[in-house]
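Scroll down for the structure; my scribbles are underneath it.
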Amino acid sequence: MIGKIRNQAKENQGTRNDLTSRSLDPKVKQYSTRKKLADIAGISESTMKRVMRAKKEDEELYKKVVSGEVSPKKSQKICGQHLQVRTIKVACKQKFRRHCFLRRDLLSPSEKAIEIRPVSCL
1 MIGKIRNQAK ENQGTRNDLT SRSLDPKVKQ YSTRKKLADI AGISESTMKR
51 VMRAKKEDEE LYKKVVSGEV SPKKSQKICG QHLQVRTIKV ACKQKFRRHC
101 FLRRDLLSPS EKAIEIRPVS CL
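Going left to right, the sequence shown walks through residues 1 to 122 as the UniProt record's numbering numbers them.
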């Protein structure tokens, strides 16, 4: 059933609907695949988003969510711990200029954030 819904979404993908507020083809209906799957399952769209993320990130975690061992909300926290995106600010201060650089590093939970200092100002 999921494959059928995804195939229908793929067919609608190339259809232009920017010429008017609605598509010219009456067969094309805009909908979210996630919303349609959530309606079928009888859960909210945000819960479906969490379940789909668990399936994408970790198959074992997905099986635990489906069996009821782990809640979808807790699975979101577990998925977030695998890869943490940390933002490290590096500031270079000069007399009339201030530069701020943002660097995003993917760190595993065991790694610690490293302080980065600029060598020279640009």
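In this text, a Cβ means the ideal position worked out from N, Cα and C, and glycines have one as well.
Inter-residue CB distance, residue i and residue j (contact presumed, cutoff 8 Å)
{"i": "A9", "j": "T33", "result": "5 Å"}
{"i": "I40", "j": "L61", "result": "Rounded, the Cβ-Cβ distance is 22 Å, inconsistent with contact."}
Cα-Cα separation, residue i to residue j
{"i": "V51", "j": "D58", "result": "11 Å"}
{"i": "G3", "j": "K56", "result": "15 Å"}
{"i": "Q76", "j": "G42", "result": "19 Å"}
{"i": "A54", "j": "G14", "result": "28 Å"}
{"i": "V66", "j": "M1", "result": "17 Å"}
Cβ-based neighbour list, residue i, same chain, cut-off 7 Å, excluding 5 preceding and 5 following
{"i": "I5", "result": "T33, K36, L37"}
{"i": "S44", "result": "A38"}
{"i": "K49", "result": "R34"}
{"i": "K73", "result": "R50"}
Sequence-distant residues of its chain with Cβ nearer than 6 Å to residue i (five each side left out)
{"i": "N7", "result": "none"}
{"i": "V70", "result": "K64"}
{"i": "G68", "result": "none"}
In chain order, which continuous runs of the alpha helix (DSSP H) of length 4 or greater are located wholly inside the region 40-70?
45-57, 59-67
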